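Peer 1:
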């Protein structure tokens with residue numbers, strides 16, 4: 478009897494697909510993973526290049542979930558071809574289908590219906606460009622202790638980019654908004670494999686859609702969106718987590734009652750009272766839980782790497798990123814002695830309140846020894862990072878004080 | 005059976021490129037797990053969520069796939085899948 482692998486090799490369809498598979502396996506390299514990720518991740522996480530992308534850390538092939546290696550996050554802007562990829566369901570759109578793209582607008586809360594082409598989106602609405610962090614709600618889920626089920630992201634389910642597009646506000650205003658409208662329902666060209674699986678459809682409260690910052694973006698860092706980041710247009714909701722940034726957006730419906738589906742009522746929820754969220758999605762809240770909304774204050778140490786051995790007596794630059802949900806980072810405190818003493822890092826370019834902020838602090842001539850580096854960001858609201866991640870069922874909002882231990886010899 | 009599964013998988017694969025073949029631990033029930041789970045997702049989700057999910061955790065995941073995502077798996081197969089996962093990928 479043939480093994481399953483052999484059957485796949487001899488079937489006609491699979492033979493056609495064998496060449497790219499071999500090419501991809503040749504590229505696959507075993508990455509070094511953080512020791513606090515689930516042990517089983519090591520068996521499946523490989524560096525693998527999707528079409529149009531550099532090798533990223535593959536967590537799952539289908540649907541594709543690929544995270545950005547931290548080396549690419551050691552910059553203000555994350556390159557498009559290194560930007561993380563996240564899909565919930567494996568029914569990805571055919572590239573040819575996306576070339577016929579139209580945005581359909583309507584719904585019971587709208588004054589009418591309309592179809593908008595990509596050309597119209599670019600020419601009939603004022604283009605706006607802003608820099609914003611796109612961060613998956615579950616970034617660093619893999620570091621939850623105890624571990625929780627889901628895609629076991631490390632640090633790289635995030636990226637910072639310049640997004641250009643039409644204001645969601647302008648497009649909805651042109652459509653006409655009835656006074657009964659409460660939410661905008663967003664749907665994209667990707668879908669489930671099985672008909673009975675709930676399609677990934679999300680809503681935004683109307684006030685958030687109309688805040689003037691939410692965009693229907695058609696450019697990312699001066700280029701068209703990569704296929705895997707939502708080509709030809711995606712929703713950008715600066716300050717809110719990636720779950721609202723609908724990719725391949727094809728439909729916007731104004732509705733007069735809150736959207737009732739799995740992706741709103743069950744998924745992407747946090748317990749009441751655990752996190753400081755100023756902007757809340759109140760019509761979707763219950764006594765027990767609320768939708769995740771704003772990105773919480775957070776930081777990442779991009780250098781030196783945890784576990785590195787480096788020369789003593791030489792300047793040691795400690796650097797990384799800090800961000801929050803759009804209030805603005807006011808400072809990053811850094812310790813190199815495990816928290817006994819702290820000093821302020823120098824903040825880098827301010828690319829706007831929705832962007833990550835780079836920071837650095839240099840030890841001029843550190844003596845030999847083990848250095849436990851900590852980083853802790855604070856925002857304009859005075860919010861800071863907790864010492865331990867705040868436990869919650871889906872492992873969202875992982876933002877504890879960051880740590881990297883290095884040995885100087 | 006396997007041939008039709010292979011074709012189904014190809015039909016459901018991303019628009020371009022093919023995923024490398026993944027295999028689970030060859031123990032009783034692995035074909036049942038592969039045949040059902042791979043309809044919607046690649047098998048890397050299973051080792052990735054191990055070994056911290058024990059019997060209770062895998063039970064919750066399999067039932068989530070059935071109830072929330074509509075996976076067409078009957079009760080008997082569901083239990084065999086849970087048992088395989090707990091035994092081979094459980095904590």
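Residue numbers (our numbering), protein chains in the order written: chain Y, 478 to 886; chain W, 5 to 95.
Every residue gets a Cβ at the ideal spot worked out from N, C-alpha and C, and that includes glycine.
Just so it is clear, the structure is predicted and the values come from calculations on it, not from any experiment.
Strictly below 7 Å CB to CB, what residues from chain Y border residue 3 of chain W?
Peer 2: Any question about residue 3 of chain W goes unanswered here, given that chain W covers just 5 to 95.
Peer 1: Using the three-state DSSP reduction, which class does residue 604 of chain Y fall into: helix, strand or coil?
Peer 2: For the purposes of this step, residue 604 of chain Y is taken as the residue at position 127 of the first chain. The answer is strand: DSSP assigns residue 604 of chain Y an E or B state.
Peer 1: Given a cut-off of 8 Å, decide if residue 81 of chain W and residue 36 of chain W are closer than it, judged by their beta-carbon atoms.
Peer 2: Here residue 36 of chain W corresponds to residue number 32 of the second chain, with the count starting at 1. Here residue 81 of chain W corresponds to residue number 77 of the second chain, with the count starting at 1. A contact, by the Cβ cut-off of 8 Å.
Peer 1: Please identify the residue among Y/843, Y/865, Y/852 whose C-alpha is closest to the C-alpha of residue 884 of chain Y.
Peer 2: Start at 1 with the first residue of the first chain, and residue 884 of chain Y comes out as number 407. Residue Y/843 is the option with its Cα nearest to residue 884 of chain Y.
Peer 1: With a threshold of 8 Å between beta carbons, is residue 761 of chain Y in contact with chain W?
Peer 2: Residue numbering aside, residue 761 of chain Y sits at position 284 when the first chain is read from its first letter. Chain W, which has no Cβ nearer than 8 Å to the Cβ of residue 761 of chain Y, makes this no.
Peer 1: Please decide whether residue 44 of chain W counts as near chain Y, where near means a Cβ-Cβ distance under 8 Å.
Peer 2: Walking along the second chain from the start, residue 44 of chain W turns up at place 40. By this cut-off, residue 44 of chain W is an interface position.
Peer 1: Give a yes or no on whether the C-beta atoms belonging to residue 862 of chain Y and residue 776 of chain Y are separated by under 8 Å.
Peer 2: Mapped onto the first chain, residue 862 of chain Y falls at position 385. Mapped onto the first chain, residue 776 of chain Y falls at position 299. Yes, Cβ-Cβ distance for residue 862 of chain Y and residue 776 of chain Y is below 8 Å.
Peer 1: Would you say residue 49 of chain W lies against chain Y (beta-carbon separation less than 8 Å)?
Peer 2: As a position in the second chain, residue 49 of chain W is number 45, starting the count at 1. True, the Cβ-Cβ gap to chain Y drops below 8 Å.
Peer 1: Can you look up residue 51 of chain W in the DSSP assignment and give me helix, strand or coil?
Peer 2: Locating residue 51 of chain W in the second chain gives position 47, counting from the first residue. Looking at residue 51 of chain W - three-state DSSP - the assignment turns out to be helix.
Peer 1: DSSP beta-bridge partners for residue 635 of chain Y?
Peer 2: Counted from its first residue, the first chain places residue 635 of chain Y at position 158. Partner(s): Y/612.
Peer 1: Quick test of your reading: residue 716 of chain Y and residue 771 of chain Y, contact by CB under 8 Å. State the CB separation rounded to the nearest angstrom.
Peer 2: Position 239 of the first chain, counted from the first residue, corresponds to residue 716 of chain Y. Position 294 of the first chain, counted from the first residue, corresponds to residue 771 of chain Y. Confirmed, Cβ separation roughly 6 Å.
Peer 1: Any idea what DSSP makes of residue 535 of chain Y, helix, strand or coil?
Peer 2: Numbered from its first residue, the first chain carries residue 535 of chain Y at position 58. Strand, per DSSP.
Peer 1: Can you find a CB in chain W that lies within less than 8 Å of the CB of residue 678 of chain Y?
Peer 2: Translated into the one-based positions of the first chain, residue 678 of chain Y becomes position 201. Judged by the 8 Å Cβ criterion, residue 678 of chain Y is not in contact with chain W.
Peer 1: Does the Cβ of residue 572 of chain Y have 16 or more other Cβ atoms within 10 Å, making it buried, or fewer, making it exposed?
Peer 2: As a position in the first chain, residue 572 of chain Y is number 95, starting the count at 1. Looking at its Cβ environment, which holds fewer than 16 other Cβ atoms inside 10 Å, residue 572 of chain Y is exposed.
Peer 1: Using the beta-carbon of each residue, which ones in chain Y are nearer than 7 Å to residue 94 of chain W?
Peer 2: Counting from 1 along the second chain, the entry for residue 94 of chain W is found at position 90. The premise fails here: residue 94 of chain W is roughly 10 Å from chain Y at the closest Cβ pair, so nothing lies under 7 Å.
Peer 1: Do the segment 618 to 630 of chain Y and the segment 685 to 702 of chain Y make contact, defined as three or more Cβ pairs closer than 8 Å?
Peer 2: Contact between the segment 618 to 630 of chain Y and the segment 685 to 702 of chain Y is absent, because fewer than three Cβ pairs lie under 8 Å.
Peer 1: Going by alpha carbons, who is nearest to residue 562 of chain Y out of Y/579, Y/552, Y/671, Y/634?
Peer 2: The residue given as residue 562 of chain Y occupies position 85 in the first chain. Comparing Cα positions, the closest option is Y/634.
Peer 1: Just mark residue 60 of chain W as buried or exposed, buried being the case when its beta carbon has 16 or more other beta carbons within 10 Å.
Peer 2: As a first step, residue 60 of chain W is located in the second chain; it is residue number 56 there, counting from the start. That one is exposed.
Peer 1: Would you please verify whether the beta carbon of residue 73 of chain W is less than 8 Å from any beta carbon of chain Y?
Peer 2: In the second chain, counting from the first residue as 1, residue 73 of chain W sits at position 69. Yes, its Cβ sits closer than 8 Å to a Cβ of chain Y.
Peer 1: Under 8 Å, with one C-beta from each stretch per pair, do the segment 657 to 664 of chain Y and the segment 675 to 688 of chain Y reach the 3-pair mark?
Peer 2: As far as the Cβ criterion goes, the segment 657 to 664 of chain Y touches the segment 675 to 688 of chain Y, which means the pair count is three or higher.
Peer 1: For residue 469 of chain Y, go through chain W and note every residue whose CB falls closer than 9 Å to its CB, in chain order.
Peer 2: Nothing can be reported for residue 469 of chain Y, as the shown portion of chain Y is limited to 478 through 886.
Peer 1: Check the DSSP bridge columns for residue 748 of chain Y and list the partner residues they point to.
Peer 2: Position 271 of the first chain, counted from the first residue, corresponds to residue 748 of chain Y. Per DSSP, Y/766.
Peer 1: Can you pull the chain Y residues whose beta carbon is under 9 Å from the beta carbon of residue 33 of chain W, in chain order?
Peer 2: Taking the second chain and counting its residues from 1, one reaches residue 33 of chain W at position 29. What residue 33 of chain W touches in chain Y: nothing, since even the nearest Cβ is about 14 Å away.
Peer 1: Round the Cβ separation of residue 644 of chain Y and residue 593 of chain Y to the nearest angstrom and send it over; I've been treating them as touching at under 8 Å.
Peer 2: The residue you call residue 644 of chain Y lines up with position 167 of the first chain. The residue you call residue 593 of chain Y lines up with position 116 of the first chain. Their Cβ separation, rounded to whole angstroms, is 13 Å, which puts residue 644 of chain Y and residue 593 of chain Y out of contact at 8 Å.
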